[in-house]
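Everything below concerns the one structure shown next.
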Amino acid sequence: YVVNPGRYGLRKQSEALEFLKEIGFKVNPNYEVVEGVDGIVNYWRKWLNLRNSLEYNIDGIVIKVNDFEYQKMLGETAKSPRWAIAFKFPAEQARTVLKDITIQVGRTGVLTPVAELEPVQLAGTTVKRASLHNFDYIRDKDIRIGDTVIVEKAGDIIPQVVKPIVEYRDGDEKEVSPPDKCPVCGGPVGKLKEEEVALRCLNPHCPAKLKRALEVFASRDAMDIDGLGEKLIDQLVDLGIVKDVADIYYLTPFDLIPLERMGPKAAANLLESIEKSKNAPLHKLITALGIPMVGSKTARILAERFGSIGRLASATMDELLSIEGIGEEIARSVVEYFSLPKTKEIIEKLRRAGVKMEEKIEKKPKPLKGLKFVITGTLKNYTRNEIEERIRELGGEVSSSVSKKTDYLILGENPGSKYQKALNLGVKIISEEEFEKLVESKMKGE
161 YVVNPGRYGL
171 RKQSEALEFL
181 KEIGFKVNPN
191 YEVVEGVDGI
201 VNYWRKWLNL
211 RNSLEYNIDG
221 IVIKVNDFEY
231 QKMLGETAKS
241 PRWAIAFKFP
251 AEQARTVLKD
261 ITIQVGRTGV
271 LTPVAELEPV
281 QLAGTTVKRA
291 SLHNFDYIRD
301 KDIRIGDTVI
311 VEKAGDIIPQ
321 VVKPIVEYRD
331 GDEKEVSPPD
341 KCPVCGGPVG
351 KLKEEEVALR
361 CLNPHCPAKL
371 KRALEVFASR
381 DAMDIDGLGE
391 KLIDQLVDLG
401 IVKDVADIYY
411 LTPFDLIPLE
421 RMGPKAAANL
431 LESIEKSKNA
441 PLHKLITALG
451 IPMVGSKTAR
461 ILAERFGSIG
471 RLASATMDEL
481 LSIEGIGEEI
491 ARSVVEYFSL
501 PKTKEIIEKL
511 RRAGVKMEEK
521 IEKKPKPLKG
531 LKFVITGTLK
541 NYTRNEIEER
551 IRELGGEVSS
561 SVSKKTDYLI
571 LGENPGSKYQ
581 KALNLGVKII
591 SEEEFEKLVE
601 SKMKGE
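Under the working numbering, the letters of the sequence shown match residues 161 to 606, in that order.
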């Protein structure tokens with residue numbers, strides 16, 4: 161990118177790249193100016209054939225309108241420029257043997273089949289496992305244990321089994337049937353809705369579900385409990401020390417010190433982090449509960465509307481549906497979640513442990529209401545989460561991408577491509593100090 165290319169007499173993308181090269185920047189030498197659709201297709205085919213000769217992985221090419229004036233005329237959408245588009249290559253594929261199928265159990269009990277493969281090189285990495293999506297997919301594709309299969313990386317990221325090579329079968333392959341019980345707890349499995357594809361463990365006390373629920377509970381967007389990671393959670397659940405998320409607040413040094421990699425100091429640090437989390441904002445607690453279909457954004461809306469877990473727990477469908485941003489499925493999910501006896505038990509245990517269950521609903525001033533902000537670079541006085549939280553508290557919106565609807569880009573050190581996009585769109589760019597002055601002036605009603 162060249163800031164203000166017109167200042168240097170640059171009218172085209174290709175001219176900008178040559179200019180950058182002349183003044184000492186490293187520029188990818190493989191760009192090319194082409195004409196028409198045929199030129200684009202020929203360039204794409206060229207790099208489809210040469211992609212493996214590069215020292216790095218690529219998954220396609222980017223086509224840009226060369227003339228800056230035409231770029232300006234075409235403009236941008238909320239997510240991307242109209243003058244540039246990615247032209248992807250077909251996903252790279254490899255052939256290997258499906259040795260076995262294992263099953264993962266998620267936080268909501270979904271049983272996900274996973275292919276265990278003979279290791280194979282694919283898009284620059286060694287792949288040993290791949291997604292099989294669900295048991296309907298296995299049935300429809302007639303995938304069997306022992307099959308030679310085609311594997312590809314979806315979007316060059318997630319390995320997945322595409323299909324079996326039927327002509328390689330020798331008769332020893334085993335057909336796969338959906339399980340009739342949970343592979344972790346032995347509990348019953350089924351579908352919550354007839355039209356649902358996913359099979360779920362229906363046992364509310366399944367340890368695999370509990371482990372995933374604890375990971376969500378301790379995560380940064382939720383209670384933010386530093387030190388409560390996956391391996392420690394596995395030990396706590398497997399040893400029966402923790403039986404639900406509320407048990408976290410009843411841990412003692414005697415529970416923790418005997419555990420692997422957990423001496424007195426580590427135990428003390430974890431217990432301190434757990435104690436600190438008791439005062440987490442209400443929206444983080446709502447996120448931590450893991451209510452189906454309620455993420456951090458919806459949790460914030462619910463916290464602002466109800467102000468306490470008690471009021472949220474007694475909310476009716478009509479009350480929830482009256483809130484902007486809450487639809488019928490989310491409302492039903494919230495009502496159903498708080499109607500469960502286990503939920504009521506967990507809430508009571510959290511309350512007894514001293515977890516903050518309510519916040520004063522204040523009519524705080526919202527001086528940034530209606531303003532949209534994007535942040536780029538490293539800030540001096542805020543972490544990214546802190547400044548986003550401050551903007552939202554003051555009524556503003558935070559977006560991850562710059563568009564014509566962006567009002568301000570807050571600029572830190574070492575900014576990314578958002579900076580150039582803001583310049584191109586004429587978005588106002590401000591520093592941290594200017595952001596604080598903006599808040600101050602808005603508070604005064606200026």
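Cβ atoms here follow ideal geometry from the backbone N, Cα and C, with glycine treated the same way.
Limits of the unbroken alpha helix (DSSP H) element including residue i
i	result
T447	442 to 448
S456	456 to 466
R289	Looking at the DSSP string, R289 is not in any alpha helix (DSSP H); the run it does join, the beta strand (DSSP E), is 285 to 291.
R329	Element bounds for R329: n/a, residue is neither H nor E.
E592	592 to 603
I393	390 to 398
V495	488 to 499
S559	Per DSSP, S559 belongs to no alpha helix (DSSP H); it is in the beta strand (DSSP E), 557 to 559.
A176	173 to 182
L170	That residue, L170, is in no alpha helix (DSSP H); it is neither H nor E in DSSP.
E333	Taken as a continuous stretch (DSSP letters only), E333 belongs to no alpha helix (DSSP H), as it is neither H nor E.
E229	228 to 234
Residue i classed as buried or exposed, judged by whether at least 16 other C-beta atoms fall within 10 angstroms
i	result
E432	exposed
M383	buried
K436	exposed
A459	buried
T543	exposed
G530	exposed
Y216	exposed
P501	exposed
T476	exposed
H443	buried
L528	buried
Y579	buried
V534	buried
Three-state class that DSSP yields for residue i in the structure shown
i	result
P424	helix
A358	coil
E195	coil
A368	helix
Y542	coil
P608	Lying before the first or after the last residue shown, residue 608 is absent from the chain, which here runs from 161 to 606.
I261	strand
F247	strand
Straight-line Cα distance separating residue j from residue i
i	j	result
E548	V494	26 Å
V402	I408	7 Å
E175	E192	12 Å
G556	T536	16 Å
V274	D300	16 Å
G455	T503	17 Å
V194	Y203	8 Å
K532	E519	26 Å
W243	I223	8 Å
R380	L419	24 Å
P413	K602	49 Å
A427	V376	21 Å
C415	K425	What sits at residue 415 in the sequence shown is Asp, not Cys. Approximately 14 Å, taken between the alpha carbons.
S560	D567	13 Å
I486	D330	54 Å
L481	E488	7 Å
N101	E178	This structure gives no information on residue 101, because the portion of the chain shown stretches from 161 to 606.
R471	R211	58 Å
K581	K565	12 Å
L374	R267	9 Å
F249	W207	9 Å
Beta-carbon proximity check, residue i vs residue j, cutoff 9 Å
i	j	result
S563	T237	yes
I469	I483	no
I393	A406	no
L282	P241	no
L292	V321	yes
E335	R304	yes
V387	N429	Here residue 387 is Gly; the residue named in the question, Val, does not match the sequence. It is a contact, given that the beta carbons lie within the stated cut-off.
N363	P348	yes
E276	D302	no
V265	K391	no
I200	F247	yes
V326	Q253	no
Endpoints, beta strand (DSSP E) assigned at residue i
i	result
E573	Segment: none, E573 is in no beta strand (DSSP E) and carries neither H nor E.
V280	271 to 282
E518	Element bounds for E518: n/a, residue is neither H nor E.
I469	Premise fails: I469 lies in the alpha helix (DSSP H), 469 to 473, not in any beta strand (DSSP E).
E312	308 to 314
F533	532 to 536
K224	220 to 224
Residue-level contact to chain D via CB, residue i, 9 Å cutoff
i	result
K526	In the structure shown, chain D cannot be found, because there is only a single protein chain.
Check: residue i C-beta below 8 Å from any heavy atom of the ligand PLP
i	result
L430	As presented, the structure is devoid of all ligands, the ligand PLP included, so that no description of it is given.
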